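Student:
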Amino acid sequence: GTLEDRPRYNKSRCFETFPFPAADTGLTPELTAKIRKLAEQIDAHRKRQLAAHADVTLTGLYNVLEKLRSGELDIALTYDLVTSPDIDFQPLAKLPPYVMVGEYHPLASLPAVSMQDLEAYPVVLLDTPWSRDYFLSLFIQAGTTPNIIMRSTNLETVRAMVGNGIGYSFANARPKSNLSQDGKRVIRLRLAGSHRAMQLGYATASNTQLSRVVSAFAERCRMFVSDQYIPGMAPPSFFDPHAVRVMSDVS
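Structural data, given as structure tokens:
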């Protein structure tokens with residue numbers, strides 16, 4: 003609507019769709035309190051890191067392609083989710099999607115799960131511009147509907163929610179630690195079926211002569227990053243469960 007010739011906001015459910023899961027989603031008061039406490043811890047950690055690294059912003063991370071075009075960056079390690087004719091992408095390693103669940107999740111003891119197995123359970127979605135579409139495409143391909151209970155743009159936040167039993171999630175990167183930042187165990191399970199893997203690689207602006215330093219860096223990336231080994235990540239063969247506990251085992 004309008005007020006004179008100026009836009010006026012008409013109240014609707016547009017901004018009320020995902021404020022916080024309602025009681026009819028199965029969210030108990032205990033789980034609500036757990037989410038609130040966890041969110042406060044994560045927010046405090048985020049503020050500490052932003053204070054220590056003021057130049058680190060989500061906008062800056064998403065603008066990698068623009069920085070390559072402008073010459074602000076010579077080369078960037080990134081994923082193949084966004085491509086452009088004026089950007090050259092050299093793939094180095096494939097990162098298939100996998101499923102993360104909490105230690106006491108009903109599916110935690112299975113060697114692999116399918117999209118159909120997951121349909122009955124709530125999901126915590128990694129809600130970054132590129133990853134969101136990629137993970138939602140898994141449901142579209144399988145013909146299943148996601149029950150999205152929470153969203154976050156931060157992978158560690160997602161892992162913490164998974165570890166605290168709020169829901170399962172997907173990821174491609176493989177942290178070496180199987181603990182969330184608040185110390186909860188995160189179980190990594192194979193995702194059955196054929197799914198497009200994300201590719202890790204390096205990107206450079208097209209038609210640009212690389213300097214000797216940048217060329218040497220690219221060569222080192224080709225030497226030390228592969229499907230079998232990515233520095234800082236767990237090997238692709240590492241999957242839980244190894245010794246998953248169930249609630250009855252805990253006294």
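Okay, so the sequence shown: first residue is 3 according to the working numbering, each after it adds one.
All C-beta atoms, glycine included, are put in the ideal place defined by N, C-alpha and C.
From a predicted model like this one, the values you see are computed outputs, not experimental measurements.
(1) Using 8 angstroms as the threshold, is the C-beta distance between Val1 and Gly169 below it?
(2) Spatial neighbours of Val252 within its chain, please: C-beta separation below 8 angstroms, excluding the five flanking residues on both sides.
(3) What are the partner residues of Pro124, as DSSP defines its beta bridges?
(4) To the nearest angstrom, report how far apart Ile44 and Gly145 are at their CA atoms.
(5) Can you look up Lys186 in the DSSP assignment and give me helix, strand or coil?
(6) Can you tell me which of Asn166, Leu67, His107 and Asp90 puts its alpha carbon nearest to the alpha carbon of Ala35?
(7) With distances taken Cα to Cα, identify the nearest neighbour of Leu191 among Glu105, Leu67, Phe219 and Ser182.
(8) Is Arg198 buried or exposed, if buried means 16 or more other CB atoms sit within 10 Å of its CB?
(9) How would you write the range of the beta strand (DSSP E) that Pro163 sits in, first residue to last?
(10) Give me, in chain order, the residues of the same chain whose beta-carbon lies closer than 7 angstroms to that of Thr159; leave out the 5 immediate sequence neighbours on both sides.
(11) Leaving out five residues before and five after Val103 in sequence, what residues of the same chain have Cβ atoms less than 7 angstroms from its Cβ?
(12) In angstroms, rounded to a whole number, what distance separates the CA positions of Pro98 and Glu74?
(13) Contact between the region 135-145 and the region 209-225 is defined here as three or more beta-carbon pairs at a separation below 8 angstroms; is this criterion met?
Tutor: Let's see:
(1) Only positions 3 to 253 of the chain appear in the structure, and residue 1 is not among them; the question remains open.
(2) Counting from 1 along the sequence shown, the entry for residue 252 is found at position 250. Low local confidence applies: a pLDDT of 42 at Val252 is under 50, so the model's placement there is unreliable, with the coordinate-based value given in what follows. In the same chain as Val252, and ignoring 5 residues on each side of it, no C-beta atom comes closer than 8 angstroms to its own.
(3) Walking along the sequence shown from the start, residue 124 turns up at place 122. Answer is Asn149, bridged to Pro124.
(4) Counted from its first residue, the sequence shown places residue 44 at position 42. Counted from its first residue, the sequence shown places residue 145 at position 143. CA-to-CA, the gap between Ile44 and Gly145 works out to about 34 angstroms.
(5) Here residue 186 corresponds to residue number 184 of the sequence shown, with the count starting at 1. Lys186 falls in the coil class under three-state DSSP.
(6) Looking up residue 35 in the sequence shown gives position 33. Residue Asn166 is the option with its Cα nearest to Ala35.
(7) By one-based count along the sequence shown, residue 191 stands at place 189. Comparing Cα positions, the closest option is Glu105.
(8) Position 196 of the sequence shown, counting from 1, holds the residue named residue 198. Exposed is the call here.
(9) Residue 163 sits at position 161 when you count from the first residue of the sequence shown. The residue you asked about is not Pro; residue 163 is Met in the sequence shown. Per DSSP, Met163 lies in no beta strand (DSSP E); the unbroken alpha helix (DSSP H) holding it starts and ends at Leu157 to Gly165.
(10) Position 157 of the sequence shown, counting from 1, holds the residue named residue 159. Answer for Thr159: Ile44, listed in chain order.
(11) Your numbering for residue 103 matches position 101 in the sequence shown. Closer than 7 angstroms at the Cβ level, and outside the excluded window around Val103, lie Leu109, Ala110, Val164, Tyr170, Ile189 and Leu191.
(12) The count along the sequence shown starts at 1 and reaches residue 98 at position 96. The count along the sequence shown starts at 1 and reaches residue 74 at position 72. The straight-line gap from Cα to Cα measures roughly 31 angstroms.
(13) Taking 8 angstroms as the limit for Cβ pairs, the verdict is that the region 209-225 does not touch the region 135-145.
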